[in-house]
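Below: one structure, written as structure tokens.
As structure tokens, this is what we get:
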């Protein structure tokens, strides 16, 4: 009889130890889970199933608003806000702004730069494009008679001679080879050097 009581005591002690260890283990996991949730800033969303809804603070967008606005700078926006909201946040457009040239209904994205153009910047871009349009050199190896005729001092006859000479030589490696053509003198050669690329 004493032997049975001794075994019973041993079993009871082992059972109590196992219960305590299991209880502490479960409690520790719940505590760690709660800490993770609070550190991540996430909360269970109603009707969201098992997924977490990210807190509003982490959904903010950072957008650089510049150009023809009253208060250019970097601003924070909520998801779903639009370019027109960015312009308003930057104090609105200035009088010289060309807001019609941008899509004000576009949705903002994180890291985006919204540049509101002004009339002055549009004029400068247009002037640069116009001045650069006539200065691009024409390739000597592919120039047509029409392109050659646009060069100062080159008429239809000289342009045809250049193309014919190039074809007869199987191509040209240098603009200086054109001085072999009759009718092309030093002045014309200077125009060709300025307007052609080898």
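Numbering (our numbering), first residue to last: 297 to 494.
Where a beta carbon is used, it is the ideal one built from N, C-alpha and C, also for glycine.
Every value quoted in this text rests on a predicted model; they were computed, and no experiment measured them.
Cα-Cα separation between residue 396 and residue 371, rounded to whole angstroms: 22 Å
Taking 8 Å as the limit between beta carbons, can you name the residues of its chain near residue 392, skipping five residues before and five after? 364, 414, 415, 416
Sorted by chain position, which residues of the same chain lie with C-beta nearer than 6 Å to residue 463's C-beta, five sequence neighbours on each side aside? none
Between the C-alpha atoms of residue 242 and residue 447, what's the straight-line distance to the nearest angstrom? Lying outside 297 to 494, the shown extent of the chain, residue 242 is not represented and no answer is given.
Between which residues of its own chain and residue 316 is the CB-CB distance below 8 Å, once the five residues before and five after are set aside? none
Nearest to residue 405 by CA position, among 359, 452, 488, 490, is which residue? 359
In the DSSP assignment, find the unbroken alpha helix (DSSP H) run with residue 462 in it and report its ends. 452 to 465
Residue 398: which of 379, 486, 458 sits nearest, CA to CA? 379
Please go through the same chain and pick out, in chain order, the residues whose beta-carbon is closer than 7 Å to the beta-carbon of residue 375, but skip the five residues on each side of it. 355, 357
Go to residue 487, then tell me how far its alpha helix (DSSP H) extends in each direction, as first and last residue. 482 to 491
Using CA coordinates, which residue listed in 409, 362, 403 is at the minimum distance from residue 386? 362
Would you report the Cα separation of residue 479 and residue 465, rounded to the nearest angstrom? 18 Å
On the DSSP letters alone, give me the boundaries of the beta strand (DSSP E) that residue 372 sits inside. 369 to 373
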